[in-house]
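Everything below concerns the one structure shown next.
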Ligand SMILES: [Ca+2]
């Protein structure tokens, strides 16, 4: 039904391999323009429920070669979106809406 599920399967395999060398995949911020509290997301992270961060992310930074997949509902359900731009200071229609996510970086690429 959703293209995101294929990515989720790939993410599970890649995320497992990435555990050994945790790297920052993205940062999420509660305020626009990267303000307020910040949540660091590691390569391979899969978060089906965000607790106090539910519907509170307003801006994000995504590391180079990495992609952050976000969902409107918990457990990777609802509308989804792929965020690959390096910096998104205002999520616009996705502001205060993300309820689950996973983040994956391309394998075999060196990043700082
Ligand atoms: Ca939501």
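Numbering (mature numbering (1 follows the signal peptide of the UniProt record, and there is no 0)), first residue to last: -22 to -1, 1 to 90. In this text, a Cβ means the ideal position worked out from N, Cα and C, and glycines have one as well. Keep in mind it's a predicted model, so treat the numbers as computed, not measured.
Apply the 10 Å Cβ neighbour rule to residue i and answer buried if 16 or more other Cβ atoms are within range, or exposed otherwise.
{"i": "residue 38", "result": "buried"}
{"i": "residue 34", "result": "buried"}
{"i": "residue 36", "result": "buried"}
In whole angstroms, give me the CA-to-CA distance for residue i and residue j.
{"i": "residue 70", "j": "residue 56", "result": "17 Å"}
{"i": "residue 83", "j": "residue 74", "result": "24 Å"}
{"i": "residue 78", "j": "residue 12", "result": "19 Å"}
{"i": "residue 65", "j": "residue 40", "result": "6 Å"}
If you measure from the CB of residue i, is any heavy atom of ligand 1 nearer than 7 Å?
{"i": "residue 34", "result": "no"}
{"i": "residue 27", "result": "no"}
{"i": "residue 50", "result": "yes"}
{"i": "residue 84", "result": "no"}
{"i": "residue 75", "result": "yes"}
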